[in-house]
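S.K.: Below: one structure in structure tokens.
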Amino acid sequence: MNILTFDIEEWFHLLDNPSTKTEQDWCQYECRLHRNVDRIFQLLEETNSRATFFCLGWVARKYPDVIRRIDAAGYEVATHSDLHQLVYEQSPHECRTDLDRSIKSLQDVTGKKVSYYRAPGFSVKEQNRWIFPLLMELGIEIDCSMFPARRAHGGDSSFGIAKPCYIDVDGAMLKEFPINTVNLLGQDLIFSGGGYFRLLPYAVIQNFMRQSPYVMTYFHPRDFDPQQPMVPGLSRLRQFKSYYGLSGCWEKLRHLLTDYRFVDLQEADRQVKWSESRVQRFQVNS
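Number 269 in full-length UniProt numbering belongs to position 269 of the sequence shown; there are no gaps in the numbering.
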């Protein structure tokens, strides 16, 4: 099962960077979202691919035409938060307010229920698992926030499951589609999205795809935009992580969607044998 998803945010929505942290900061940067989303639409049509789009509530208010086009084309609209903030830097109240605003903004545009969520930067860690009951309170049925490996802005290697599973929070059940991993020399590696996908040669990605019965991708419009400006204030390491591989990523994606069949989350949910899925149980005090 290969699942195709896109996180719909602008090129300047980089996490943990002072010059791009707030909504006020974003006003100084040009909009590149429309042209980048247009290219994605064209490729999905050419390859007959289905996808789920995790969208910011901010995008729904700032550029509602983008959300309308996603919905009108028959793709699923999910939430990627409202203002793209790291969850582990928020209080439960701040997170709930942000998520509630995002859901309402997206639903106001599409007129359809939002049932899927992905945290910015996969920023759900052991310390903020209080988000799970909060998600269920707000009507989220499927979460895609778990990153069962180490990463700079999130990740929870203690989660221990890299395939569809249930999260049982004090008896309430939430479906989870985590990022997939491959094990290489005892290390859990990611290859299916973002900077990992940009960094790796396509031959390596193909090899990992062959090893993986379950793949959860995550791409951003900025991943395919080599002409985007450099965000100010980034360290050399962050510049490398954020800009390396942009020039070749589009053709990699074209090859990926040509060589493999992908489904959206709705179809993936239908295909999973949930009665046989593992259950990860947590006790959460919010």
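Even for Gly, the Cβ is constructed at its ideal location relative to N, Cα and C. The structure displayed is predicted, hence computed values, not measured ones.
Taking just the CA atoms, how far does F12 sit from V231?
M.R.: Their Cα atoms are separated by approximately 7 Å.
S.K.: Beta-carbon within less than 8 Å of Q271's beta-carbon, same chain only, minus the 5 sequence neighbours each way: which residues are those?
M.R.: Closer than 8 Å at Cβ, skipping near neighbours: M1 and V263.
S.K.: Is the segment 153-163 in contact with the segment 239-258, if contact means three or more CB pairs nearer than 8 Å?
M.R.: No: fewer than three Cβ pairs fall under 8 Å.
S.K.: For a test of the three-state rule: what should DSSP assign to C165, helix, strand or coil?
M.R.: C165: strand per DSSP, three-state reduction.
S.K.: Going along the chain, which unbroken runs of the alpha helix (DSSP H) with 4 or more residues stay wholly within the UniProt domain "DUF3473" (144-267)?
M.R.: Complete alpha helix (DSSP H) runs here, min 4: 194-199, 202-211, 236-243 and 246-259.
S.K.: Identify every residue that forms a DSSP beta bridge with D7.
M.R.: Partner(s): F54.
S.K.: Which residue comes first and which comes last in the alpha helix (DSSP H) that contains R39?
M.R.: Segment L33 to T47, the alpha helix (DSSP H) holding R39.
S.K.: Which same chain residues, not among the five before or five after L44, have their C-beta less than 7 Å away from its C-beta?
M.R.: A51.
S.K.: Run through the DSSP bridge pairs and tell me what Y88 is partnered with.
M.R.: Y88 is not bridged to any residue.
S.K.: Restricting to Cα atoms, I'd like to know which of V124, G74, T97 and R61 is closest to V109.
M.R.: The option with the nearest alpha carbon to V109 is R61.
S.K.: Hey, D168 and R281: beta-carbon distance below 8 Å or not?
M.R.: Yes.
S.K.: What does DSSP give as the partner residues of A78 in its beta bridges?
M.R.: DSSP lists F54 as partners of A78.
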